[in-house]
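If you read the sequence shown in the working numbering, its first letter stands for residue 44, the second for the next number, and so on. Report on the structure given below.
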Amino acid sequence: KGGDGEEGSGFDADELCEDVIEGDVLPNELQALPVDRLAQLRQAVQRRYESFRSTGAEELQKTLNMRVPIRRTRNTQVLSFRDFHHSSSKHSSRPPLVGQISVQDLSRLPEDFFKAGVRYWVENLQPQRNVRWESSSSHSHSTSRIGSCEVPLTTRRDTRWTVISLDA
């Protein structure tokens, strides 16, 4: 029909579709188009929509990854502990030392590495925040009401863990 002759006359529906998307075409220019060219434009828009629909999510993810790189996060677990030396001595004048260690990069340790009651030698810990490690009741000599001392610690990338055997 006349559609093939129309396409040969320099009308490119895909290019017009691109111009419409970019905002380079005024509404009155679209109203002036003949019906057969509007039908071709509609088909070009439909093709563009189907293409975007099938690849749009991937393109958006690529753009996001390029503009905002994915942030690496570290697997963290919080362990509670108490001082072995305090729990082993019956008559200690100082308050029990208890605390929490935020263990980062837990995936570097063997599975089921941490067990209740096991002693560990830990190298390269750092305080999680500035706190005083003495409890308010540590200066009193009253054994009836000794408070505990809370110690918040965190591991570093170079923290090393060694299991200490109780058999020695």
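Yeah, the Cβ is synthetic: ideal placement off N, Cα and C, and Gly gets one too. Everything numeric in this text was worked out from a predicted model, so none of it was measured.
> Closest by CA to residue 143, which one among 106, 152, 168 and 76?
Replying inline: What you label residue 143 is simply residue 100 of the sequence shown in a count that begins at 1. Residue 143 has its Cα closest to that of 168, out of 106, 152, 168 and 76.
>> Quick check on the burial criterion: 16 or more other C-beta atoms within 10 angstroms. Buried or exposed for residue 50?
In response: In the sequence shown, counting from the first residue as 1, residue 50 sits at position 7. Low confidence applies to residue 50: its pLDDT is 46, below 50, so where it sits in the model is not reliable, and the reading given next is rough at best. Exposed, by the Cβ-count rule.
> Residues in its own chain within less than 6 angstroms of residue 117 by CB, not counting five upstream and five downstream?
Replying inline: For the purposes of this step, residue 117 is taken as the residue at position 74 of the sequence shown. Correct list, in chain order: 147 and 148.
>> I need the DSSP call for residue 173, collapsed to helix, strand or coil.
In response: Start at 1 with the first residue of the sequence shown, and residue 173 comes out as number 130. Three-state DSSP puts residue 173 in coil, outside helix and strand.
> Considering only C-alpha positions, which residue in the set 76, 87 and 53 is nearest to residue 64?
Replying inline: In the sequence shown, residue 64 corresponds to position 21, counting from 1. Of the candidates 76, 87 and 53, the one whose C-alpha sits nearest the C-alpha of residue 64 is 87.
> So is residue 185 buried or exposed if we call it buried at 16+ other beta carbons inside 10 Å?
Replying inline: Position 142 of the sequence shown, counted from the start, is the residue given in the question as residue 185. Any answer about residue 185 is weak, because its pLDDT of 42 lies below 50 and its placement is not dependable; what the coordinates show is given next. Result: exposed.
>> For residue 84 and residue 56, which I take to be in contact (beta-carbon distance under 8 angstroms), what is that distance rounded to the nearest angstrom?
In response: Walking along the sequence shown from the start, residue 84 turns up at place 41. Walking along the sequence shown from the start, residue 56 turns up at place 13. Between residue 56 and residue 84 the Cβ distance is about 5 angstroms, and since that is below 8 angstroms, they are a contact.
>> If contacts are defined as beta-carbon pairs under 8 angstroms, then residue 121 and residue 150 qualify, I think. What distance do you get, rounded to the angstrom?
In response: Within the sequence shown, numbered from 1, the residue matching residue 121 stands at position 78. Within the sequence shown, numbered from 1, the residue matching residue 150 stands at position 107. Not confirmed; about 16 angstroms, so no contact.
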